[in-house]
Amino acid sequence: MTTTSLNHASVLAAEETTGIDATLEKYFGPFADWLASIVFYTVPAFGTDVPLIVGWLVVCGVFFTIYLKFLNVRGMKHALHLVQGKYTPADAIGEVSHFQALSTAISSTVGLGNIAGVAVAITLGGPGAAFWMTVAGFVGMTTKMAECTMAVKYRHVHEDGSISGGPMYYLRDGLAALNRAGIGKFLAAAWALCMMFAALGTNAFQSNQATQQLVDVSGDGAIGTWMADNRWAIGLTMALLTGAVILGGIKSIARVTSVMVPFMAILYFLGCLTVILGNLGGIPGAIADIITGAFTPEGVAGGVVGSLIVGFQRATFSNSAGVGDAPIAHSQVRTNRPATEGFVASLEPFVDTIIICNMTALAVVVTGTWQGSDVGEVGGVTITSRAFESVVSWFPYVLAVAVLLFAYSTILSNSFYGMKGFGYLFGDNRTAENVYKLVYLFFTVIGAAVALGPVILFADSAFFLLALFNVVGLYFLAKVIRREIVEYWRQLHNGEIQEVSPEERAKLR
Amino acid sequence: MESVLVGVDRSEGSRRAVRFALERSRVNSWRMTVAYVINWSQYGFPIPEDNEARPLQRKAELEQAQTEVIDPLLEWIKSELRGDDVDVTSVIQHGRPSEVLADIAQAGRFDLLVVGRTGDSNLRTAIFGTTSYRLVQHSPIATVVVP
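Chains as they are written, first to last, in our numbering: chain A, 112 to 620; chain B, 992 to 1138.
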């Protein structure tokens, strides 16, 4: 009798405390559904429903890879030389090295897309989705190359030496140079507006999955149960930490985070390697599953095309090729030749998608954690966490630290991107800026509180809208992009562009 | 005319190096250049805000180095010379001190490089060795380390 009443009391308490979570979910869910139904408008083709927007990105990546003569792979060695500063003369414009621009951009892309997103892709699209993610990463290298070249070409260097760049500038000024000023202005403004919302979505997704992992590792005890019932409180903590940086101006927290991210990425890589080596016997089978699954998937909605769509969608969410946020970071670089940053930027999807995502994919496939009965409900990060747990029981704790850090750094850098979109549209309005930042922090809380489904829908929708406007612009600029990159490559090979001698390199200044 | 390059920072040790070079420049009529290197690496992991602010930050660092290190040093050199005439120039650059000093020495065709044995040492240099130690190992020209 006593036990029953006790249970009853705790159930009541739980209902009361989940109130906030439930309210947030009630209003947010339908809104996300509505937005997704527009962005992911599907047409029936190849025996399944194909979201037009995904096809749009596939076509863009394949087109530019061929149009730019596979320079994404052929130029990789040169890209590494550029990163070492071998081709940067001291008097080039800009004050940020190729390495710094790349590391800043990678910090903001390596996040939960690599950990949770891959697991989601494999649950939905089977192991074959990992293959399509790799293909997406491969063609994404060229898309990234194209957009970052444009970001440098059409950047604005102000009198004090500071630089503004990004899709809003190349869409507006690049298209104006082609006598398409009207379309350019529209695309730039639409992109900037969507960037504001996409930043909110990415923010919510990161916060959601970080919270999920924190709840998972804290167990079934009193603390764990309380956290599971009060996810919004975890979100609020993250929002306060973010607010300290973006509203309070305590930049040192962000600096420490950005130095820690690469180390955590290496740690994550080693973690995956441990999982993979722990299942060494299963590796050939896992690779076979990934490759055969790509062409003859079993039990996947939509078959090959279904698997391909899922793979491309999650790869794009992870490396953001074609989306246009990374070019903002890349535009700051010190160089006189826009194409140089294009080559450097092409390394970003390589590191993010081809290396890190594949590590996650192998870990998840080889341990078989993607096949559990409840994989549809638990969400991506839990599936990856289980793969880690199956090899070393305490690994999920390490993963939790990595996840929190990745999430936090991505939340911070996305606030920067969001503010860039905001600044382009509204200029320097301090009050309005603070309102946007508060809304941003509110979405960190929402993301933590509501279920993964609506969050990922919203994040995806906003993200892919960006790609729509950005890629239209890239098609208009295709000839300019090709001239810039292919001409650079030609000059590099006939000796007109040479390595800068060590004394004249940029480190001297 | 021969020329001497002196690597300087805020330390006492670098003052002694300057005095050493100055004495010889006066006696032998050498040209003298004092170089201050602001520690900076192209291999950083900066946040986007810092990248954006970098041009202004860099300008501020150069100005600060000029007013806080180079100007007082040139003033002090003037008072040390007491009317004697030595051709002294100054240069400020960003980078890793030992690498940049070696590069300036090479590019400017200097005959001699002078540094103090101990500089503004901190924990990092205590662990990884000092600028003077690295220069002795890697400098392209004759290097004097002043105790």
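Glycine included, every Cβ here is placed at the ideal spot set by N, Cα and C.
Exposed or buried, D436(A), counting other C-beta atoms within 10 Å across all chains shown (16 or more means buried)?
-> By one-based count along the first sequence, residue 436(A) stands at place 325. Buried, because 16 or more other Cβ atoms sit within 10 Å of the Cβ of D436(A).
When the cut-off is 8 Å and only beta carbons count, does E1054(B) lie next to chain A? For the purposes of this step, residue 1054(B) is taken as residue 63 along the second sequence, with counting starting at 1. With a threshold of 8 Å between beta carbons, E1054(B) makes no contact with chain A.
Legend entry - Pairwise C-alpha distance: L473(A) and G404(A): Here residue 404(A) is taken as the residue at index 293 of the first sequence, counted from 1. Here residue 473(A) is taken as the residue at index 362 of the first sequence, counted from 1. Between G404(A) and L473(A), the C-alpha separation is close to 13 Å.
_Is there a C-beta anywhere in chain B that falls below 8 Å from the one on V611(A)?_
By 1-based counting over the first sequence, the position of residue 611(A) is 500. Cβ-Cβ to chain B under 8 Å: no for V611(A).
Margin query: By the three-class DSSP mapping on this structure, what secondary structure does H1129(B) have?
Written below: Position 138 of the second sequence holds residue 1129(B). Here H1129(B) carries a helix assignment [DSSP, helix/strand/coil].
Return helix, strand or coil for R620(A), following the three-state DSSP convention. As a position in the first sequence, residue 620(A) is number 509, starting the count at 1. Caution applies to R620(A), whose pLDDT of 40 falls short of 50 and renders its modelled position unreliable; the value that the coordinates give is listed next. Of the three classes helix, strand and coil, the one that applies to R620(A) here is coil, per DSSP.
**Study point:** Supposed close pair I394(A), V477(A) - CB separation, criterion 8 Å
**Key:** Translated into the one-based positions of the first sequence, residue 394(A) becomes position 283. Translated into the one-based positions of the first sequence, residue 477(A) becomes position 366. Confirmed, Cβ separation roughly 6 Å.
- prompt: Roughly how many whole angstroms lie between the Cα atoms of A1044(B) and L419(A)?
  reply: Here the question's residue 1044(B) lines up with position 53 in the second sequence. Here the question's residue 419(A) lines up with position 308 in the first sequence. So the alpha carbons of these two residues sit roughly 41 Å apart.
(request) Tell whether a beta-carbon distance below 8 Å holds between W302(A) and L515(A). (result) What you label residue 302(A) is simply residue 191 of the first sequence in a count that begins at 1. What you label residue 515(A) is simply residue 404 of the first sequence in a count that begins at 1. Their beta carbons are not under 8 Å apart, which means W302(A) does not touch L515(A) by this criterion.
**OP:** In the DSSP assignment, find the unbroken alpha helix (DSSP H) run with Y1027(B) in it and report its ends.
**Re:** Position 36 of the second sequence, counted from the start, is the residue given in the question as residue 1027(B). Taken as a continuous stretch (DSSP letters only), Y1027(B) belongs to no alpha helix (DSSP H), being part of the beta strand (DSSP E) at 1022-1030.
Can you grab the Cα-Cα spacing for the pair Y586(A) / G312(A), in whole Å? In the first sequence, counting from the first residue as 1, residue 586(A) sits at position 475. In the first sequence, counting from the first residue as 1, residue 312(A) sits at position 201. In this structure, the CA atom of Y586(A) is about 26 Å from the CA atom of G312(A).
Fill in: Three-state secondary structure (DSSP) of E614(A)
Numbered from its first residue, the first sequence carries residue 614(A) at position 503. Looking at E614(A) - three-state DSSP - the assignment turns out to be helix.
Could you please give me the residues that DSSP links to S994(B) through a beta bridge? In the second sequence, residue 994(B) corresponds to position 3, counting from 1. DSSP output for S994(B) lists R1022(B) as bridge partner(s).
Using three-state DSSP, classify S275(A) as helix, strand or coil. As a first step, residue 275(A) must be located in the first sequence, where it is residue number 164. Here S275(A) carries a strand assignment [DSSP, helix/strand/coil].
### Query
Could you give the distance in angstroms between the alpha-carbon of W167(A) and the alpha-carbon of T153(A)?
To locate residue 167(A), count along the first sequence from 1; it is residue 56. To locate residue 153(A), count along the first sequence from 1; it is residue 42. Spanning the two alpha carbons is a distance of roughly 12 Å.
Worksheet item: Taking Cβ-Cβ distances shorter than 7 Å, what residues in chain B pair up with T521(A)?
Response: In the first sequence, residue 521(A) corresponds to position 410, counting from 1. Here the premise fails: no neighbours, minimum Cβ distance about 12 Å.
Using a Cβ-Cβ distance under 8 Å, would T215(A) count as near chain B? Reading the first sequence from its first residue, position 104 is the one you call residue 215(A). So yes, T215(A) belongs to the interface.
- Task: Closer than 9 Å by beta-carbon distance: list the chain A residues that pair up with Y1027(B), in chain order.
- Result: The count along the second sequence starts at 1 and reaches residue 1027(B) at position 36. Neighbours of Y1027(B) in chain A, taken as residues at a C-beta separation under 9 Å, are lacking, since the least C-beta distance is about 13 Å.
Query raised in the report: Is the Cβ of F210(A) closer than 8 Å to any Cβ of chain B?
Result: Your numbering for residue 210(A) matches position 99 in the first sequence. Chain B contact via Cβ: present.
(message) Just to confirm the assignment, what range does the beta strand (DSSP E) spanning S442(A) have?
(response) Residue mapping note: residue 442(A) aligns to position 331 of the first sequence, counting from 1. Per DSSP, S442(A) belongs to no beta strand (DSSP E) and is neither H nor E.
Going along the chain, which unbroken runs of the beta strand (DSSP E) with 3 or more residues stay wholly within the region 464-529 of chain A?
-> As summarised for the region 464-529 of chain A, there are no continuous beta strand (DSSP E) elements at least 3 residues long confined to that stretch.
Going by DSSP, what residue range makes up the beta strand (DSSP E) through Q1084(B)? As a first step, residue 1084(B) is located in the second sequence; it is residue number 93 there, counting from the start. Counting along the chain, Q1084(B) sits inside the beta strand (DSSP E) bounded by residues 1079-1086.
- Which value, in whole angstroms, describes the spacing of the CA atoms of A1008(B) and G1086(B)? Indexing the second sequence from 1 puts residue 1008(B) at position 17. Indexing the second sequence from 1 puts residue 1086(B) at position 95. About 21 Å.
Suppose the cutoff is 7 Å on Cβ atoms and the five residues either side in sequence are ignored; what does the same chain contact list for G205(A) look like? Taking the first residue of the first sequence as 1, we reach residue 205(A) at position 94. Listed in chain order, the non-local C-beta contacts of G205(A) below 7 Å within the same chain comprise I274, Q443, V444, R445, T446, local neighbours out to five positions each way being set aside.
Where D160(A) falls: helix, strand or coil (DSSP) | Counting from 1 along the first sequence, the entry for residue 160(A) is found at position 49. In the three-state scheme derived from DSSP, where H, G and I count as helix and E and B as strand, D160(A) is classed as strand.
Practice item. Determine whether the Cβ of P373(A) lies closer than 8 Å to any Cβ atom of chain E. Key: Although the question refers to chain E, the structure presented lacks it and instead comprises the protein chains A and B.
*When DSSP labels each residue in this structure, what does L289(A) get in the three-state scheme?*
For the purposes of this step, residue 289(A) is taken as the residue at position 178 of the first sequence. When secondary structure is reduced to three states using DSSP, L289(A) falls in the coil class, being assigned neither helix nor strand.
| request: Please classify L1103(B): does DSSP put it in a helix, a strand, or coil? | output: Mapped onto the second sequence, residue 1103(B) falls at position 112. The answer is strand: DSSP assigns L1103(B) an E or B state.
- Query: For H269(A), which of helix, strand or coil comes out of DSSP?
  - Reply: In the first sequence, residue 269(A) corresponds to position 158, counting from 1. DSSP places H269(A) in the coil class of the three-state scheme, outside both helix and strand.
### Cβ pair A560(A), I1038(B) closer than 8 Å
One-based indexing of the first sequence puts residue 560(A) at position 449. One-based indexing of the second sequence puts residue 1038(B) at position 47. No, they are not a contact pair.
In the structure shown, what three-state DSSP assignment does T220(A) receive? To locate residue 220(A), count along the first sequence from 1; it is residue 109. Assignment of T220(A) by DSSP, reduced to helix, strand and coil, places it in the helix class.
Under a CB-based cut-off of 8 Å, is G1004(B) close to chain A? Position 13 of the second sequence holds residue 1004(B). It does not; no Cβ of chain A falls within 8 Å.
### Query
Under the DSSP definition of a beta bridge, which residues are partnered with P200(A)?
Taking the first residue of the first sequence as position 1, residue 200(A) is located at position 89. R616(A), per the DSSP bridge assignment.
Tell me the rounded alpha-carbon separation between K1069(B) and D1062(B).
Taking the second sequence and counting its residues from 1, the one referred to as residue 1069(B) is at position 78. Taking the second sequence and counting its residues from 1, the one referred to as residue 1062(B) is at position 71. For K1069(B) and D1062(B), the gap between their C-alpha atoms comes out near 11 Å.
**Prompt:** Given 8 Å as the limit, is there contact between the region 502-516 of chain A and the region 423-438 of chain A, that is, 3 or more CB pairs closer than that?
**Reply:** The region 502-516 of chain A vs the region 423-438 of chain A: no contact.
(request) Could you check if S214(A) is buried or exposed, using at least 16 other CB atoms within 10 Å of its CB as the buried criterion? (result) Along the first sequence, read from residue 1 onward, the residue named residue 214(A) stands at position 103. In the assembly as shown, S214(A) is a buried residue. Its beta-carbon has 16 or more other beta-carbons within 10 Å.
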